[in-house]
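Going by my numbering, the sequence shown opens with residue 14, and the numbers climb by one from there. No residue lacks a Cβ here, since even glycine has one placed at the ideal position from N, Cα and C. One structure below.
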Amino acid sequence: MALLLWGLLGGCGGPETPSQGPIRALTQPTKPQPADEAFSPPSGALLTSSDVTLYLGVLRETVRLSVPRTPTTADPGAVPLSSLAGEGQGGTPDVAAARRLGIRIEQYLWIRERVLEASAAEASARLDRESQADLERAIAELEARRAVAPDDDSKKLIESQIEIFSAEASRLKKEAGVAAPESIRRNIELLRPSMPEIQTLQNQLLTDLQLIETPASSARKESQ
14 MALLLWGLLG GCGGPETPSQ GPIRALTQPT KPQPADEAFS PPSGALLTSS DVTLYLGVLR
74 ETVRLSVPRT PTTADPGAVP LSSLAGEGQG GTPDVAAARR LGIRIEQYLW IRERVLEASA
134 AEASARLDRE SQADLERAIA ELEARRAVAP DDDSKKLIES QIEIFSAEAS RLKKEAGVAA
194 PESIRRNIEL LRPSMPEIQT LQNQLLTDLQ LIETPASSAR KESQ
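Here it is in structure tokens:
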């Protein structure tokens, strides 16, 4: 869910002008590069290890620059996410962080799109597997109940439920048999070791932007 929400967050910004050069460091901003250094997406839509490192660096920088709901002066470089997101140019927090790091914005947006694409495909496949497992357990329980049904009417009702659940399980199995494009499958494998950190950073950013509730905010709502 965090990834999907982050996708909505990232998608709210329009394309940016590629006005900056490649990343030199993930902790210090660099000088803008000539505007004619346009980013040309690689063929095949395949991410590299460097792309993943760059994406993680942007997320870390966005978290570093964000501030909690109760602002503190612990980090003199921290600024409100609302300010970081805009900078008067209609950007999003991660795009603004990428700009501060001297990354070509179109390059970052291309990488982000590949990450979100792979994450969504992986999440969808996982949800289908979990749903299919739930259906199979439900069918097994219904079959056990049918075996001890007290009368024909009860047995027919259970059999109708089994038929419905079985049809849904077959549909999910058929969908699972349709493989994602090779580029997405390869990107999933590349990203898998980094996904725990990516999800943690995304969740932190979404919390700071108040797109998801924290236990404290939930408690406040319940007390009202």
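Asked, Found
"DSSP state of L60 mapped onto helix, strand, coil", "coil"
"Length of the line joining the Cα atoms of E74 and V128", "17 Å"
"Residue range of the unbroken alpha helix (DSSP H) whose run includes L218", "208–221"
"Beta-carbon spacing of D158, K168 below 7 Å", "Just to set this straight, residue 158 is Arg in the shown sequence, not Asp. It is not a contact, given that the beta carbons lie outside the stated cut-off."
"Segment contact flag, the segment 144–155 with the segment 164–178, C-beta cutoff 8 Å, min 3 pairs", "yes"
"Span of the alpha helix (DSSP H) around A52", "The question names Ala, but residue 52 in the sequence shown is Phe. Looking at the DSSP string, F52 is not in any alpha helix (DSSP H), and its letter there is neither H nor E."
"Closest Cα partner of S79 within the set S183, D107, E126", "D107"
"Whole-angstrom C-beta distance between L214 and L72, which should lie under 8 Å", "4 Å"
"CA-to-CA distance, L218 to E119, given in whole angstroms", "21 Å"
"Residue from L69, E156, A162 whose Cα sits closest to the Cα of S179", "E156"
"Element boundaries [alpha helix (DSSP H), containing D4]", "Given a span of 14 to 237 for the chain in the structure shown, any question on residue 4 remains unanswerable."
"Outcome for G8 when other beta-carbon atoms lying within 10 angstroms are tallied against a minimum of 16", "Since the first residue of the chain shown is 14 and the last is 237, residue 8 is not available in this structure."
"Span separating the alpha-carbon of D147 from that of A136", "16 Å"
"Reference A131; option with closest CA among Q212, A51, I201", "I201"
"For R113, the first and last residue of its enclosing alpha helix (DSSP H)", "106–113"
"Option nearest A193 by Cα separation, candidates A133, T105, R125", "A133"
"Cut-off 7 Å between Cβ atoms - residues of its own chain near S144, not counting five sequence neighbours on either side", "L185"
"T105 classed as buried or exposed, judged by whether at least 16 other C-beta atoms fall within 10 angstroms", "buried"
"Span separating the alpha-carbon of D221 from that of Q212", "14 Å"
"A110 beta carbon less than 7 Å from that of Y121", "no"
"Own chain, CB closer than 8 Å to A182, minus 5 neighbours either side, in chain order", "Q145, L148, E149, I152"
"Length of the line joining the Cα atoms of P54 and L114", "20 Å"
"Candidates E126, A51, G70, of which the one nearest S196 by Cα", "E126"
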